[in-house]
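J.: Numbering-wise (the numbering used here), the sequence shown opens with residue 4 and increments by one. Quick one: the structure is below, questions incoming.
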Amino acid sequence: MVRMKALACSLVIGAMCGFALPGYTQAATQPLREVHLPVPASRGGFSLLPVLDDMRAKDHFAMRVAPDQSILVFDSDASGEWPLVRVRKWWTDKPASEVLSIPGWSGHLDYVYVDIQVTPDGRFAVAFAGAFWGSKSKRQPDTIITVVDLEQWQVVKGVHTAADGGGAVRDARVVGGSWIALDARPEGSEGGPATARYRIWTLSIPDLRSGPECDQTSYASVLAGCKEVFKVTGASSDEALDVLIQRGSDVEPRVMRLRDEEWLEGALERESHATRGEEQRLQDADRHGAEFFRWWGEYPYFDQVWQNPPFESSARLWYGLYPSQERGVYELARYDVGGQEQRAKVASHFACGDPAIGKSNAACGCRVIDVSEEAQKLLNYCRKQNGDYLGMVQMEWLSVFRSDDLTGIGFINLPKRGYTLQVIASGDGRAYVVTLGSGELLRVYPIPDK
4 MVRMKALACS
14 LVIGAMCGFA
24 LPGYTQAATQ
34 PLREVHLPVP
44 ASRGGFSLLP
54 VLDDMRAKDH
64 FAMRVAPDQS
74 ILVFDSDASG
84 EWPLVRVRKW
94 WTDKPASEVL
104 SIPGWSGHLD
114 YVYVDIQVTP
124 DGRFAVAFAG
134 AFWGSKSKRQ
144 PDTIITVVDL
154 EQWQVVKGVH
164 TAADGGGAVR
174 DARVVGGSWI
184 ALDARPEGSE
194 GGPATARYRI
204 WTLSIPDLRS
214 GPECDQTSYA
224 SVLAGCKEVF
234 KVTGASSDEA
244 LDVLIQRGSD
254 VEPRVMRLRD
264 EEWLEGALER
274 ESHATRGEEQ
284 RLQDADRHGA
294 EFFRWWGEYP
304 YFDQVWQNPP
314 FESSARLWYG
324 LYPSQERGVY
334 ELARYDVGGQ
344 EQRAKVASHF
354 ACGDPAIGKS
364 NAACGCRVID
374 VSEEAQKLLN
384 YCRKQNGDYL
394 GMVQMEWLSV
404 FRSDDLTGIG
414 FINLPKRGYT
424 LQVIASGDGR
434 AYVVTLGSGE
444 LLRVYPIPDK
């Protein structure tokens, strides 16, 4: 189910709604090769209504790069037999693929979500297949969690969260090396913010035995009392645990959270001359950032405005795109773990505001989505839409920058139809951008050095 942020151009810095991408004058990087995955040609859909295109199985899939650089793709399939595909040597002329059948959902659903995660040692993968039924159904939300042994390439064990009273799983994360942490809303906890119940619970990998948990009803201290959960997850505080499960990262440093709202401050002042104190700005930044990660397991770039959440790399460095002094152009900045700015540079190429791209009455926004310090590469996702951020998508593309000096080095056009996931991956000592379209087609793009 597509959930778009309801934010019109009137709330965005004026110049941002003037940039469009009718056609690049610069040459886009072309794929080195394409890999067609061994999945059914038609995977069907989960809705009774054909008009609900977002309930097609081909629109719900997940991709992850394992430590050995093999690519794992978990596809939904309305038959109930969901394929997990592993692709090795994808950078060569002879990629090797294998398929494992994972229990999933069939029939008519109100919403379905998919995710695949891998333990840091690369031994196990964890597949998540979640389902929600409409209000007329008596079925409660349920998530099938399946552990796969990647060495033996076989299913180890699976559980249904509904059988353990898990309720509606909001987020799930492989943490602490050998645990799964889940954030769920149990049945009967649909009250307002002051009364909503949240259950933080853990499962061990690979046997999926229940571990420490905490269940709270106070919105202000929803995670209080989770000390035992801290031990198995490695989280150091309530806030850190919340962010770890929801985003898979550390808590964003305070100075960066304040900067996250710079564009909104300017827009509000233009609209109503409103001013906000620092604490209000922090609250707005937290609320704004949480919206981008609230819908776990669905296509990750539905929520897109001018300024989007920063990305934390595996080296615990933060990369973000912010308004620059040059009108309508981003500044790309890198921060250390404490929020100290290390480097900043105007992103005048390959992103919104590039004069070689063109202009029209459209909204444009970019977001950092992956970084490899080892390869010194940074990947941005960019999108422009008619009129505002709720309008029809006109164009989507990826821009590639160097992570060391923040120089733009190229871009990749994305298909106009269907959903595409993308990552930086390494093969044969080189870095590539790998995209996955509709859970069926891998495209491998070479990344220029400069």
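For every residue, glycine included, the Cβ atom is placed at its ideal position computed from N, Cα and C.
What is the DSSP secondary structure of M66, counted as helix, strand or coil?
T.: Strand, per DSSP.
J.: Leaving out five residues on either side along the sequence, give the residues of the same chain with a beta carbon under 6 Å from the beta carbon of V159.
T.: Once the five neighbours on either side are set aside, the close Cβ partners of V159 are V150, D152 and P209.
J.: Smallest Cα separation from V436: which of Q388, V374 and V396?
T.: Out of Q388, V374 and V396, V374 has the C-alpha closest to the C-alpha of V436.
J.: In whole angstroms, give me the CA-to-CA distance for Y338 and H352.
T.: Near 21 Å, if we compare the C-alpha coordinates of H352 and Y338.
J.: Which whole runs of the beta strand (DSSP E) in the stretch 299 to 358 are 3 residues long or more, in chain order?
T.: With a minimum length of 3 residues, the continuous beta strand (DSSP E) runs that stay inside the stretch 299 to 358 are 321 to 326, 333 to 338 and 344 to 350.
J.: When burial is assigned at 16 or more other CB atoms within 10 Å of the CB, is G194 buried or exposed?
T.: Bear in mind that a pLDDT of 42 at G194, under 50, signals an unreliable position, so the number given afterwards is only what the model happens to contain. Counting Cβ neighbours within 10 Å, G194 comes out exposed, since fewer than 16 surround it.
J.: Between V102, I105, T95 and V115, which lies nearest to Y302 when the distance is taken from Cα to Cα?
T.: Ranking V102, I105, T95 and V115 by Cα distance to Y302 puts V115 first.
J.: Should N364 go down as buried or exposed, given a rule of 16 or more other Cβ atoms within 10 Å for buried?
T.: It is exposed - the Cβ of N364 has fewer than 16 other Cβ atoms within 10 Å.
J.: Taking the alpha carbon of D408 as the point to measure from, which residue in M395, P418, A366 and Y322 has its own alpha carbon closest?
T.: When each option's Cα is compared against that of D408, the closest is Y322.
J.: Can you give the Cα-Cα distance for L439 and W400, rounded to whole angstroms?
T.: When rounded, the distance between both Cα atoms is 13 Å.
J.: Quick one: what does DSSP say E231 is sitting in, helix, strand or coil?
T.: Correct three-state label for E231: helix.
J.: Over what stretch of residues does the beta strand (DSSP E) that includes G368 continue unbroken?
T.: It spans A365 to S375 - the beta strand (DSSP E) in which G368 sits, taken as one unbroken run.
J.: Work out the CA separation of W136 and G413 for me, nearest whole Å.
T.: One C-alpha to the other measures close to 43 Å.
J.: Under 6 Å Cβ to Cβ from R89, same chain only, skipping five residues before and after it: list those, please.
T.: Excluding sequence neighbours, R89 sits near S73, L75 and E101.
J.: Looking at the secondary structure, which residues open and close the alpha helix (DSSP H) in which R260 lies?
T.: Its alpha helix (DSSP H) spans residues R257 to D263.
J.: Restricting to Cα atoms, I'd like to know which of R173, V254 and T423 is closest to A288.
T.: When each option's Cα is compared against that of A288, the closest is V254.
J.: Count the other CB atoms, across all protein chains shown, that sit within 10 Å of the CB of S402; report buried if there are 16 or more and exposed otherwise.
T.: By the neighbour-count rule (16 or more Cβ atoms within 10 Å), S402 is buried.
J.: Where do the ends of the beta strand (DSSP E) carrying I208 lie?
T.: Where I208 is concerned, there is no enclosing beta strand (DSSP E), given that its DSSP letter is neither H nor E.
J.: Which of the three DSSP states, helix, strand or coil, is assigned to E154?
T.: Coil.
J.: Following the continuous alpha helix (DSSP H) through L285, name the residue where it begins and the one where it ends.
T.: Run containing L285: E281 to E294, per the alpha helix (DSSP H) assignment.
J.: A238 by DSSP, collapsed to three states: which one?
T.: Three-state result, A238: coil.
J.: On the three-state DSSP scale, how would you describe D253?
T.: D253: coil per DSSP, three-state reduction.
J.: Cα separation between A128 and L381?
T.: One C-alpha to the other measures close to 25 Å.
J.: For S406, count neighbouring C-beta atoms within 10 Å of its own C-beta (all shown protein chains included) and say buried if the count is 16 or more, exposed if not.
T.: Counting Cβ neighbours within 10 Å, S406 comes out buried, since at least 16 surround it.
J.: Helix, strand or coil for K453, going by three-state DSSP, please let me know.
T.: The answer is coil: DSSP assigns K453 none of H, G, I, E or B.
J.: Tell me, to the nearest whole angstrom, how far the beta carbon of R36 is from that of I119; I am working on the premise that it is less than 8 Å.
T.: Contact flag wrong, Cβ pair sits at about 23 Å.
J.: With a CB to CB cut of under 6 Å and the five nearest residues on each side skipped, what residues in its chain are close to F404?
T.: L381 and G411.
J.: Whole angstroms is fine: what's the gap from C369's alpha carbon to V162's?
T.: Approximately 38 Å between the Cα atoms of the pair.
J.: My output table needs one value for D145: the three-state DSSP class, helix, strand or coil.
T.: Strand, per DSSP.
J.: Please confirm whether T423 has its beta-carbon closer than 8 Å to some beta-carbon of chain B.
T.: The structure shown has no chain B; it contains just one protein chain.
J.: Which first and last residues belong to the beta strand (DSSP E) in which S82 is found?
T.: Its beta strand (DSSP E) spans residues S82 to R91.
J.: Between which residues of its own chain and F296 is the CB-CB distance below 8 Å, once the five residues before and five after are set aside?
T.: Cβ neighbours of F296 beyond the five flanking positions: D174, Q249, R250 and P312.
J.: If you measure between the beta carbons of V505 and A350, is that distance less than 8 Å?
T.: Outside the displayed range of the chain (4 to 453) lies residue 505, so it cannot be described from this structure.
J.: Does DSSP classify T28 as helix, strand or coil?
T.: Model confidence at T28 stands at a pLDDT of 48, short of 50, so the residue's coordinates are unreliable; what they give is reported in the following sentence. Looking at T28 - three-state DSSP - the assignment turns out to be coil, as it is neither helix nor strand.
J.: Taking the DSSP output, what are the residues bridged to Y473?
T.: Outside the shown range of the chain, which is 4 to 453, sits residue 473, and nothing can be said about it.
J.: Need the endpoints of the beta strand (DSSP E) that P43 sits in, please.
T.: Careful: P43 lies outside any beta strand (DSSP E) and carries neither H nor E.
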